[in-house]
Every structure is written in C-alpha cells, then in structure tokens.
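This report refers to the structure that appears directly beneath it.
Below is the structure:
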C-alpha cells in the first residue's frame, strides 16, 4: 500500500507539502461538500448485496472455506466500497472507525487498508478515527502506523497513509506532538477530542476548572496553541478538534477559542445532532467544519425506504446541500 | 486463535468466571511476583538473535523474499518470545503496547496474537495496552476486538482474548461500561488511565477542579464507582487504574480514593520511577499493585552489560524481589 504523498501545490514552499488546511479547503471547494462519510461497519448489519461475493465490488471474494474473519473482512470491504460508491460524490472525506476493523484481527487490518485505498480512488480524503493517545514513544508508533511509515531492518513498512487522524489529549500536549509532527511533514492533520458527541461526554469534559472554564475549554486552548504553526494560506490549521454536533450550545464558545481549527462534527442523525445548529463551525470558511455522519447515511433506508444505496445517496445529498447553505 | 476462557474457580458462583481480582491475586501469589513485562518492540531495536531466522523461537521464519512487514513481524514475534522466555518466570503478566504491533499493519496484528499466545503458554496474564476510549458503540467494538468476540454471518470471530485492557476515560463513565461488561463476564479486567507516567501528564490530569481535587481525583472516583460491583473475594476489583510510578506523591491520595482498585504502575526505570516509592499501591495486598517495566528490562544489557537475556533476567529478578519486599 502506497502512502498518498500529497504533492506541493502553488502555496507551499519548495520541498514542503501543501498544508492540511489548504488541501482540505481546496477539496471542499472542488466537491462543494463538507460532508464526511463515517464508516463503522458491523458485520451483522452490512448492506445485503455486500454478502453476495459475486457482486465483485471492492475485492476478491473469499473462498467459502476461508475462516470467518477472512470472509467477514471481505464482506466489510465490499460493503464499504458499495457505500463509498453510493455517496462518495456528495462527500469530501471518509472517516474510518478503526475499532470496527480491529475486531476482525489481521484480516480486518488488511480490510482497513483496502477501504482507505478505495476511498482515495474515489477522490476522498481519509480520516483514521482511532482516538489514539499515549506517551510520546507510543504516540510516535501510532503516527508511524496511521500517517507515516516504520523503519525495519528489512525495509520501510508503509502505514495506512491517512490524511488525518483523531487523537485523545488526556495525556497532555506533549503526547500529541509526535502525531502533529508526522502529520505536518506530509500535509496531513489531526483532530483532537475537545467535546465529544456521546451522552456521557460531560462527565469529564464539562468539569468546571478552578482557573475558569471547563476541561473542554482547556483542551480547546491546547488545540489553538498546538496549531498555531500549522496554519496555511486558507487560514485553517492542521490541528483541528472534534466537537460533537450534539452540544451546539458549546460550539460558538469553543470556536472562539480555536479560530483556525477545522472542527470535525460527529453526532448528526442517530445521535441527535442537527446540521442546522452548526453554523458557528463555518465562521472561518466552509472548510472550517466537517459534518461526519455514519449510521444516518448507511442506515438511511431503514427510515426512508428504498434501496440502501438510493436512500444513502439521497440523504447524503440532502445533508451536503443543507451544510453548504449555512455560509 | 482461541480466547483463554478463564474457568470458574472455587470462589465464583456456578456459571460465572472467577473475578479478575481473584484470578490476579492467585497468580501473584503463585508466581511471587507483581512484575509486568512491557513489550513495545521497535523493529530497529530488537535483540540481535531475533534477527536470525534460524533461531526458531516463537514462529516460523519469514521467507527472504517476504515483504518487509511480514519479515519485521516475524522478527518481532521472535524477539518477544525470547524476552518472555528470559524474564517470564519473574513476572505475573505481559503488557503488550498495541501501537508497536499496529505499525506493521495486518502482519503486526497477527504477530500480536502470536505473542499473546506465547505469553499465555508461559503462564502469564496478557494486558492489551491500547488506551482505547470511544463512544459506546465503538467501545463495544474495541471490547470485541480485545476481550470478547465478534458475531458475523460466517461465524464468530475470536478477539485477542486479553486478560485486561487499558482504557481512556476522557469520554466519560458511560463509554467505559461496554469494556467493563465484556471484561467482567469473562473474568477479565480494565485499567483506566488516572494519572499517567509521562512528563506532560499534568497538562490535563492535574488541572484543579472548581468542585475540589483535580481531574485525576475525579477519574479515581469514577474508577471506584465503576468497580464497586466487580470486587472478588480477594477484595480487589476488576476496574483498576493506571497510575504512573513517576508521580509517587499522588499515589497515596489516589489509592485512598480507589481502595479496591488494582493499580498498574508504569514508568519505573527509563521514565524515572522507583519501585521503592510504590508501597501505597500495595495497601490492599500484594496484587494491589502491578509494576510495569518495558525498556528497563528489554534494554537492561545496555546499562548492565552481558547478553540481553542474562541482563534482563537479572534485572527482572531484582525488581521482582524489591517490589515483593514492600509488603
């Protein structure tokens, strides 16, 4: 698998890749979309046509006597390719939930690389959503796995080649630096968890601090500081933030603390968030906010009827147009 | 790969596995050790004999024309097996740093399963150190990957079968529950990050809260609450905590907030922590604290001289005896 290797554009100094914010802004403009397709495939809830090996989309069928992990991984690749083919033109990126691939073991990790390649072929940026966070030396290993490559005595081992990763800041700013360095040197980005979309997010993130503000405010300030040196000509930084669409009341205040950050906004649809409430995210421009939708697209037929592909396509186009209209 | 499937012991109700705390206490007693071997293999810093395929420990050699990832993964398995064979008798568990396997892609994930199996064969508990933390549905997928198994239309896919996992609590208590449920139902445990061992840990974890205490105190209270229903006859819970050996000044206070938690204590050696300072961890008994050492064992020959195996064995025995003497 070859890493994407973003090439230098007109705005970048010689030898440096185009900054992530500029790459993203260009892609958003070109595709007229801020929509991110979230792929978190559950082997028991794949689109029915993904279970038919003769469909042939995305990968070779696994032999009928292959082990369950191999057969399930093949089906996950087919499903993901079908979804990408259905809604990709309405999106600017895919967000791959690493947990859903890891649970199929080595076969799942191979499937992850195949799905990333299929997304790239469809012109989409690839966000690896693993929410990794570890001490420096381990964070550097995650950077090798997802963004860069790993030197070995037998030659370099390419990583996933993601255009961006999600990262957990609980271990402090110092532990995000290896991810940022690896991302910045190749025109990729990171999205730091600041205010997540789940019901229990307030448990820790909304704890009021003695010094003022709450934990998520503190994390937002960390994002702004870490991203200061990674802002491209678009005005957008390569250190972004995850801010759940389920907490729209916090969005304007967090945006004010992180004026240059791209906000990755999950939680629309199944989790209750509404695109209409996300306008503050787009203050620095349309690429300032990315609306991530997973089950709301892949499971659209369960609410809207029709084939999975047709329902997903219609819902993606509706959400794309809605977000685009907010600026 | 078969999950370990801890069998019911005398202390467990019929049909329920022995609680993690009891399994751990039994293992600590049987091995006279609270030492955890941390394995975070860097392909460029493996023990020299791991690069010689003819050694034959741990796995088949990869063919000379295999891709770099396959060859590096074979060497990582051999290295890990050599280290386990050298120091395993002085330890009660291994802690596998998932980042170091992930960076070799699918081959690395296969290597992870092989190393876990080798550790189990050596009588060691297996801790999967991935520090995962995600919204509920994704946390459940990580639980399937590391602790349980995944249903698919082609049959059940076994996970790694770890005896315990590390978890990141930034997304709140609700998101730890799927991991705890999966662990508890099979006699496994989880270790929640409370105060990590890295220099930047204070950035977020030591922020003073308006309600009193700091973020790590709040996380410790969360651990105590989540673990209340998971305490076995040993008095130890299946919800433990990661508390860095590099912050000994915090250890007694955090122990007081989590009287039944097993404390996983990384940071001894290379990171500056000292076993001598860890006595408060062992207040509930010897299995109340697990001393995790990675580079301090695997790289012992760099400081002490001799062969890597002899130096690691001597250092492991020294640290084992030192920790054992603290109660």
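Residue numbers (our numbering), protein chains in the order written: chain E, 32 to 358; chain C, 32 to 358. Beta carbons: idealized from backbone N, C-alpha and C, even for Gly. Computed from a prediction, not measured in an experiment: that's the story for all the values here.
Neighbour flag for residue i against chain E, beta carbons, 9 angstroms
i                      : result
residue 134 of chain C : yes
residue 227 of chain C : yes
residue 339 of chain C : no
residue 296 of chain C : no
residue 116 of chain C : no
residue 131 of chain C : yes
residue 123 of chain C : no
residue 126 of chain C : no
residue 333 of chain C : no
residue 351 of chain C : no
residue 267 of chain C : no
residue 279 of chain C : no
Under the three-state DSSP convention, the category residue i falls into
i                      : result
residue 239 of chain E : strand
residue 64 of chain C  : coil
residue 111 of chain E : helix
residue 152 of chain C : helix
residue 301 of chain C : coil
residue 321 of chain C : strand
residue 263 of chain C : coil
residue 136 of chain E : helix
residue 87 of chain E  : For residue 87 of chain E, the predicted model reports a pLDDT of 48, less than 50, meaning its position is unreliable; a value from the coordinates is still stated below. Reduced to three states, the DSSP call for residue 87 of chain E is coil.
residue 73 of chain E  : coil
Segment limits, beta strand (DSSP E) that includes residue i
i                      : result
residue 222 of chain C : 220 to 226
residue 97 of chain C  : No beta strand (DSSP E) holds residue 97 of chain C; DSSP gives it neither H nor E.
residue 314 of chain E : Neither: residue 314 of chain E is in no beta strand (DSSP E) and is coded neither H nor E.
residue 196 of chain E : 195 to 198
residue 296 of chain C : 294 to 296
Burial state of residue i, where buried means 16 or more other Cβ atoms lie within 10 Å
i                      : result
residue 54 of chain E  : buried
residue 351 of chain C : buried
residue 160 of chain E : buried
residue 311 of chain C : buried
residue 358 of chain E : exposed
residue 171 of chain E : buried
residue 52 of chain C  : buried
residue 253 of chain C : buried
residue 101 of chain E : buried
residue 73 of chain C  : buried
residue 280 of chain E : exposed
residue 239 of chain C : exposed
residue 76 of chain C  : exposed
residue 288 of chain E : buried
residue 243 of chain E : exposed
residue 227 of chain C : buried
Neighbour flag for residue i against chain D, beta carbons, 9 angstroms
i                      : result
residue 289 of chain E : No chain D appears in the structure shown, which is made up of the protein chains E and C.
Below-9 angstroms beta-carbon distance, residue i vs any chain C residue
i                      : result
residue 151 of chain E : no
residue 140 of chain E : yes
residue 168 of chain E : yes
residue 205 of chain E : yes
residue 262 of chain E : no
residue 249 of chain E : yes
residue 70 of chain E  : no
residue 230 of chain E : yes
residue 175 of chain E : yes
residue 246 of chain E : yes
residue 284 of chain E : no
Range covered by the alpha helix (DSSP H) that runs through residue i
i                      : result
residue 256 of chain C : 246 to 258
residue 285 of chain C : 279 to 288
residue 129 of chain C : 129 to 133
residue 418 of chain E : No answer is possible for residue 418 of chain E: it lies beyond the span of chain E, which begins at 32 and ends at 358.
residue 271 of chain C : Careful: residue 271 of chain C lies outside any alpha helix (DSSP H), inside the beta strand (DSSP E) at 270 to 274.
residue 168 of chain E : 167 to 177
residue 328 of chain C : 326 to 329
residue 353 of chain C : 339 to 355
Residues of its chain near residue i, where Cβ-Cβ distance is below 7 angstroms and the 5 sequence neighbours each way are ignored
i                      : result
residue 314 of chain C : 286
residue 323 of chain E : 67, 69, 126, 295, 296, 297
residue 81 of chain E  : 106, 109, 110, 113
residue 166 of chain C : 202, 206
residue 218 of chain E : 37, 48, 49, 50, 51, 54
Cut-off 8 angstroms between Cβ atoms - residues of its own chain near residue i, not counting five sequence neighbours on either side
i                      : result
residue 140 of chain C : 132, 133
residue 336 of chain E : 342
residue 187 of chain E : 180, 181
Beta-carbon proximity list for residue i, same chain, < 6 angstroms, skipping 5 on both sides
i                      : result
residue 332 of chain C : 339, 342
residue 173 of chain E : 163
residue 138 of chain C : 100, 101, 104
residue 123 of chain E : 58, 59, 62, 64
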